[in-house]
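Q: Below are the structure tokens for one structure; questions will follow.
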Amino acid sequence: MEFASFPTGRGTGLVLTGGGARSAYQVGVMRAVADLLPRDAPTPFRVITGTSAGAIVAANVATYAAHFRTGAVTLERVWRNFHVDQVFRADARNMLRAGIRWVAALLSVGRLVSPPDALFDNTPLRRLLERRIGFDRIREALASGHMEALAISAAGYSSARSFAFYESRARQAADAPPWSRGVPAELGIDHLMASSAVPFLFPAVRMHGEYFGDGAMRQLAPLSPAIRLGADQLFVVGVRDDRQQAPRNEDAVPSFGQLFGFMLDTLFMDSLHAAVAQLERLNRLLAQSSVPNPEGLRHIDSLVLVPGADLSVIAGKHARQMPRTVRALLRIMGAANDGGSELLSYLLFESAYTRELIALGHADTMARRDEVAEFLEPSARTITGAAASR
58 MEFASFPTGR GTGLVLTGGG ARSAYQVGVM RAVADLLPRD APTPFRVITG TSAGAIVAAN
118 VATYAAHFRT GAVTLERVWR NFHVDQVFRA DARNMLRAGI RWVAALLSVG RLVSPPDALF
178 DNTPLRRLLE RRIGFDRIRE ALASGHMEAL AISAAGYSSA RSFAFYESRA RQAADAPPWS
238 RGVPAELGID HLMASSAVPF LFPAVRMHGE YFGDGAMRQL APLSPAIRLG ADQLFVVGVR
298 DDRQQAPRNE DAVPSFGQLF GFMLDTLFMD SLHAAVAQLE RLNRLLAQSS VPNPEGLRHI
358 DSLVLVPGAD LSVIAGKHAR QMPRTVRALL RIMGAANDGG SELLSYLLFE SAYTRELIAL
418 GHADTMARRD EVAEFLEPSA RTITGAAASR
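Just remember that the working numbering sits 57 ahead of the position in the sequence shown, which is counted from 1.
Structure representation (structure tokens):
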């Protein structure tokens, strides 16, 4: 599946998928990991990678690489108190202005007025990230050896490819094949905004000579950046179990909102589960092979955490927490009923919902605490003993 592009032996890689508001689950997982580690421990993740909202969580983990628990607590505090207006402008004035512009563009066939760049203005998210993410601190963590690499994925609209923009301590191995989808870069807020720019919902970001959008688009190998950057094993946190789906009304014609939610679900989830299955097949083949290290391939262990509940069902319980303007928009799109809860689960940046997802992520991780401890530390006693002494 993968060739080693960077020196191996670089420890555990963290892989965080996209998922909008669903990434609150990943926040709960990070907090649980912090609870298992000694209080003053640095990050256990040597290579950190993220896509879309997962990239935002990943950047926070990297910012606090020297003090993992501080980062996890800070991250949890932000997500526990989230409101939609911290992510995109949902006030009546801005929503009405965007709606009028869409109608005017439609009536004039785009000749007099061009349609908005996106449905929502996510300027508030940029301002939040500028306050919370410290790329200078990330570079200090790389220089001091607290971590080895950070990668943020984004998809180029002109090139029609998903790229991993990364900063790393090590140079690429001289004998490794070229990594066409890896772009060394000085990471910044634009990379996070581009990675989380869900098509149609949020505007694309121009950087590196073209416009970029959500990194999950055209991302056929979401595990690849961490492996390419030299991780020995992968700690993967997704935001949906593909076996966990609430029954839907099969007789009802799907609304636009339901179709859009289905599109997002496919965008963020399907490639992850396929990649994990492929990795497991490769490991079995390597174990059965009589040729040591055939074609430069290597065994990569993984531990995958996904929600033990359907997050769209949880979102449905908190639908009324959304601002009225957004609820009205969802109603127009046909996403105000149970069939639209999939879309709602990605947009519901409200504390009642995010707190429940954080609690779920924490509980799911603690239910597997021994497995997590053994996976993250050479000596599991170091972690479990520290947790038990509290």
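Glycine included, each C-beta is placed from N, C-alpha and C at the ideal position.
#1: Starting from the C-beta of His203, find all residues in its chain whose C-beta is less than 6 Å away, skip the five residues before and the five after it, and write them out in chain order.
#2: I need the straight-line Cα distance from Asp247 to Met264, nearest angstrom please.
#3: Report the residue from Ala376, Leu368 and Asn340 whose alpha carbon sits nearest the alpha carbon of Ser359.
#4: Report yes if the C-beta distance between Ile357 and Ser253 is below 9 Å; otherwise report no.
#5: Three-state secondary structure (DSSP) at Val255?
#6: Spatial neighbours of Ala175 within its chain, please: CB distance less than 7 Å, with the 5 preceding and 5 following residues excluded, ordered by chain position.
#7: Beta carbon of Leu286, beta carbon of Ala208: below 9 Å?
#8: Please name the residue, chosen from Val72, Ala409, Ala366 and Tyr403, that lies closest to Ala206 on a Cα-to-Cα basis.
#9: Our contact map puts Leu433 next to Phe292 with C-beta atoms below 8 Å; I'd like the distance itself, whole angstroms only.
#10: Would you identify the three-state DSSP class for Thr180, choosing helix, strand or coil?
#11: Since Glu224 and Leu244 should fall inside the 8 Å C-beta cutoff, what is the C-beta to C-beta distance between them, to a whole number of angstroms?
#12: Whole angstroms are fine: how far does the CA of Phe269 sit from the CA of Thr38?
#13: So Thr422 is in the alpha helix (DSSP H); what residue range does that whole segment cover?
#14: Within this structure, are the beta carbons of Gly75 and Gly272 separated by less than 9 Å?
#15: Report the option in Tyr403, Ala147 and Thr411 whose CA atom is closest to the CA atom of Met320.
#16: For Val294, which residues from the same chain have a beta carbon less than 6 Å from its beta carbon, with the 5 sequence-adjacent residues on both sides left out?
#17: Among Leu94, Gly68, Ser80 and Glu187, whose alpha-carbon lies nearest the alpha-carbon of Pro364?
#18: Mapping DSSP to helix, strand and coil, what is Asp92?
#19: Below 9 Å between beta carbons: does that hold for Arg194 and Thr120?
#20: Using alpha carbons as the reference points, say which of Asp289, Arg146, Glu267 and Ser215 lies closest to Pro101.
#21: Measure the alpha-carbon distance for Glu431 versus Gly68 and round it to whole angstroms.
#22: On the DSSP bridge list, what partners appear for Ile209?
#23: How should Ser215 be labelled, buried or exposed, when 16 other C-beta atoms within 10 angstroms of its C-beta is the threshold for buried?
#24: What number of angstroms, rounded off, separates the C-alpha of Val104 from the C-alpha of Pro279?
#25: Among residues of its own chain, excluding the 5 on either side of Val135, which ones have a beta-carbon nearer than 7 Å to its beta-carbon?
A: Working from what's here:
#1: Pro99, Ala122 and Ala123
#2: 7 Å
#3: Asn340
#4: no
#5: coil
#6: Phe257, Leu258, Phe259 and Pro260
#7: yes
#8: Val72
#9: Yes, they are in contact, since the Cβ atoms of Leu433 and Phe292 sit about 7 Å apart, within 8 Å.
#10: helix
#11: Between Leu244 and Glu224 the Cβ distance is about 5 Å, and since that is below 8 Å, they are a contact.
#12: Outside the modelled stretch of the chain, which goes from 58 to 447, sits residue 38, for which no answer is possible.
#13: Ser408 to Met423
#14: yes
#15: Tyr403
#16: Leu73, Gln83, Val86 and Leu362
#17: Ser80
#18: helix
#19: yes
#20: Asp289
#21: Whole-angstrom Cα-Cα distance: 13 Å.
#22: Gly107 and Phe222
#23: exposed
#24: 14 Å
#25: Arg189
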